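Numbering (this note's numbering), first residue to last: 1 to 421. Here the structure is laid out as C-alpha cells; the discussion comes afterwards.
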Ligand SMILES: Nc1nc2c(ncn2[C@@H]2O[C@H](COP(=O)(O)OP(=O)(O)OP(=O)(O)O)[C@@H](O)[C@H]2O)c(=O)[nH]1
Ligand SMILES: [Mg+2]
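So, in C-alpha cells, the structure goes:
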C-alpha cells in the first residue's frame, strides 16, 4: 500500500511575555524555547516566532490588534500552515485567530497531546491520551477548525452547523464514557498487581522528573531494562516496572514514569492519574534532575509543584542531579523539596553506587548486618535462620553457633538477646 508522505507543517510560534518572570505560567523565553522543542518533536518546521509584551493575553484574539495584523502578514509571507500559541486558547480565540489569519491554529496543550498521541504504545496509554484529547476538545468544539464541526459555520448561527455540533457533542460524551469504563477495568488490574506486590513486601521506588532528565537511562543502568532513552521530549509514556536488586537482598521494584513539563495540560494529568498512581503509591520517589540544563531550577520547581498536586509532598524523596559528566558543579544542597540528594551520571556510572545506597536506606524494611551467638540449646532459632537464607557466615564454637547475617528490624528484635555485634 502506498502511504502519501505527510506534509511538513510550517509553523509560527506565538507567545505573550507578561514580564512576570517569577511565575511559572508566564511565557518567558524559556517557555518559548521549550515550545520550539515541542514543535520540533512533533516534526514541524519552525519558520517564525512572534512574542508580544503585554500584561495578559487578549480575551478575543490573544494578541492585540496590531500584532494580529503583523502575524497575518508574516504567516502569508512565510507560507505558514500552522500557528502554535504557548498558552491554552479558548474555542472562540481559536476561531477568531483562524478567521483573521486564514491559518490553522492550535495551542501548546494540543501540541503536547499530539506528541503523546504519537508516543502512546500501550492500550492504557492510548485510551488516556484520547480521553484527554476529547475532554480538551469538548468546550472548544465550535472553534476546533475543520475536523469536527466546521460544516455550516459562518452561514448562520443555527441551521445544519449547529445540529452537527450537537451530534458531535453527544458522540464525544458517549466516547468519553466508554473510554472511562475501559480505563477503570485496566485500573482494577493494576490495583490487583499492586496489592500482590504489597503482600509480598516488595518495596517500590518511582522515578519522576522533567522530560529528558534521564529517568529511563537510570532505569536501564540499574536493570538492563532496554527502555527507550532518547534525547527527545516524552520518550516514555507508559510506566515501566523492573526488578531492582538491593544489596541486602530485599525485593525491590523501580518504576519509570511519564516526564513532566511546564504547562502540562490538566486534562492530561487527570487522564494519566492511573499511571501516575504508580508514583503516588511508591515507597520512595526519585526525582531525576538534568543538572546540565540551564533551566534546572525552574524544572525542579515544576516537578515539585506536580509532586505536591499529586499529594506526595510528605513522601521520602531522593533528588538525583543527573548528567554530572556534562554539568557545572552543583552548589551544596540546591533548593527543592527532597530528603536526600546525590549527583550522578547515568551515562558514565559516576555516583550510581551512592544512589543505590540511598535507595537501600530509604526503602522500608532495611536490613543491617549483625552477629549473633546462638546457644546449641535453642535449635529453633538456628533452624529459623537457615530457613530464611540470610546467613553470610557461620562457625561452630564452644558456647554455640556464631552467625553473621542480614536482618531487618523484626528479626533484629527477635534475636536481640543473642546479638554480639
Ligand atoms: N551526558 C549525559 N547524558 C545523559 C545522562 N543521562 C541521560 N542522558 C541523555 O539524556 C537524554 C534523555 O534521557 P532519557 O533517559 O530518555 O530521559 P527521560 O527522563 O526518560 O525522558 P522522557 O522519557 O522523555 O521523560 C538521552 O539522550 C540520554 O542519553 C548522563 O548522565 N549524562
Ligand atoms: Mg523516559
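Heads up, the beta-carbon is just placed ideally off N, CA and C, and yes, glycines get one too. Please read all numbers here as calculations on a predicted model, not as lab measurements.
Ignoring anything shorter than 4 residues, give me the alpha helix (DSSP H) runs that lie fully in the segment 161 to 241, in order along the chain. DSSP runs (the alpha helix (DSSP H)) wholly in the segment 161 to 241: 215 to 223.
Roughly how many whole angstroms lie between the Cα atoms of residue 83 and residue 179? Rounded to whole angstroms, residue 83 to residue 179 spans 30 Å at the Cα level.
For residue 182 and residue 420, what's the separation of their Cα atoms in angstroms? Looking at the two C-alpha atoms, the distance is approximately 57 Å.
Could you tell me which of 102, 138, 115, 295 sits nearest to residue 29, measuring between CA atoms? Cα-wise, what sits closest to residue 29 is 295.
If I follow the unbroken beta strand (DSSP E) through residue 383, where does it start and stop? Element bounds for residue 383: not the beta strand (DSSP E) but the alpha helix (DSSP H), 379 to 387.
Counting only runs that start and end within the segment 252 to 279, where is the alpha helix (DSSP H) found for 4 or more residues in a row? As far as the segment 252 to 279 is concerned, its whole alpha helix (DSSP H) runs of at least 4 residues are 266 to 271.
On the DSSP bridge list, what partners appear for residue 50? Under DSSP, residue 50 shares a beta bridge with 14.
Distance, residue 117 Cα to residue 173 Cα: Pairing residue 173 with residue 117, the inter-Cα distance amounts to about 20 Å.
Any non-hydrogen atom of ligand 2 closer than 7 Å to residue 236 Cβ: Yes, the beta carbon of residue 236 sits closer than 7 Å to at least one heavy atom of ligand 2.
Inter-residue Cα distance where the pair is residue 48 and residue 10: Between residue 48 and residue 10, the C-alpha separation is close to 9 Å.
Which one or two residues does DSSP pair with residue 368 in a beta bridge? BP columns for residue 368 point to 407.
Give every residue of the same chain whose Cβ lies closer than 7 Å to the Cβ of residue 306, excluding the five residues on either side of it in the sequence, and list them in chain order. Within the same chain, residue 306 has close Cβ partners 260.
Rounded Cβ spacing between residue 256 and residue 275 (contact assumed at less than 8 Å): Rounded, the Cβ-Cβ distance is 11 Å, inconsistent with contact.
Between the C-alpha atoms of residue 54 and residue 93, what's the straight-line distance to the nearest angstrom? Roughly 17 Å separates the two Cα atoms.
Nearest neighbour of residue 133, chosen from 18, 272, 247, 223 [CA to CA]: Closest in alpha carbon position to residue 133, among 18, 272, 247, 223, is 272.
Is there at least one non-hydrogen atom of ligand 1 closer than 7 Å to the beta-carbon of residue 449? Residue coverage of the chain in this structure runs from 1 to 421, which leaves residue 449 outside it and unanswerable.
Return the bridge partner residues of residue 82 from the DSSP annotation. For residue 82, the pairing in a beta bridge is given by DSSP as 11, 104.
Taking just the CA atoms, how far does residue 59 sit from residue 97? CA-CA distance, residue 97 to residue 59, rounds to 11 Å.
Would a C-beta distance cut-off of 8 Å place residue 34 and residue 262 closer than the cut-off? One thing to note: residue 34 has its Cβ within 8 Å of the Cβ of residue 262.
Buried or exposed: which applies to residue 417, given that a residue is buried once 16 or more other Cβ atoms fall within 10 Å of its Cβ? Label assigned to residue 417: exposed.
Beta bridge counterpart(s) of residue 29 as assigned by DSSP: According to DSSP, residue 29 bridges with nothing at all.
Using beta-carbon positions only, say whether residue 314 and residue 206 come within less than 8 Å of one another. Going by C-beta atoms, residue 314 is not nearer than 8 Å to residue 206.
Below 8 Å, how does it come out for the segment 189 to 203 and the segment 352 to 367: are there three or more Cβ pairs, yes or no? Flag = yes, the segment 189 to 203 and the segment 352 to 367 touch.
For residue 270 and residue 230, the rounded distance between their alpha carbons: Residue 230 and residue 270 have their C-alpha atoms spaced approximately 26 Å apart.
Beta-carbon within less than 8 Å of residue 422's beta-carbon, same chain only, minus the 5 sequence neighbours each way: which residues are those? This structure cannot speak to residue 422, because the chain is shown only from 1 to 421.
Residue 300 and residue 336 closer than 8 Å at C-beta: Yes, they are a contact pair.
Whole angstroms are fine: how far does the CA of residue 75 sit from the CA of residue 65? Answer to the nearest angstrom: the Cα atoms are 15 Å apart.
On the three-state DSSP scale, how would you describe residue 315? Per DSSP, reduced to three states, the secondary structure at residue 315 is coil, with no helix or strand assignment.
beta-carbon residue 290 near ligand 2 non-hydrogen atom, thresh 7 Å: No, the beta carbon of residue 290 sits no closer than 7 Å to any heavy atom of ligand 2.
Less than 8 Å separating the beta-carbons of residue 285 and residue 312? Against a cut-off of 8 Å, the Cβ pair of residue 312 and residue 285 comes out as a contact.
Rounded C-alpha distance that separates residue 244 from residue 103: Rounded to whole angstroms, the gap between the alpha carbons of residue 244 and residue 103 is 51 Å.
Would you kindly work out how many angstroms separate the C-alpha atoms of residue 342 and residue 327, rounded to a whole number? Residue 342 and residue 327 have their alpha carbons spaced roughly 14 Å apart.
Mind checking whether residue 192 and residue 169 have CB atoms under 8 Å apart? Result no, Cβ atoms of residue 192 and residue 169 do not sit closer than 8 Å.
Per DSSP, residue 401 is paired with what? Per DSSP, 374, 396.
Tell me whether residue 330 sits in a helix, a strand or coil according to DSSP, three-state version. Secondary structure at residue 330: coil, using DSSP grouped into helix, strand and coil.
What does DSSP give as the partner residue(s) for residue 322 in the beta ladder? BP columns for residue 322 point to 290.
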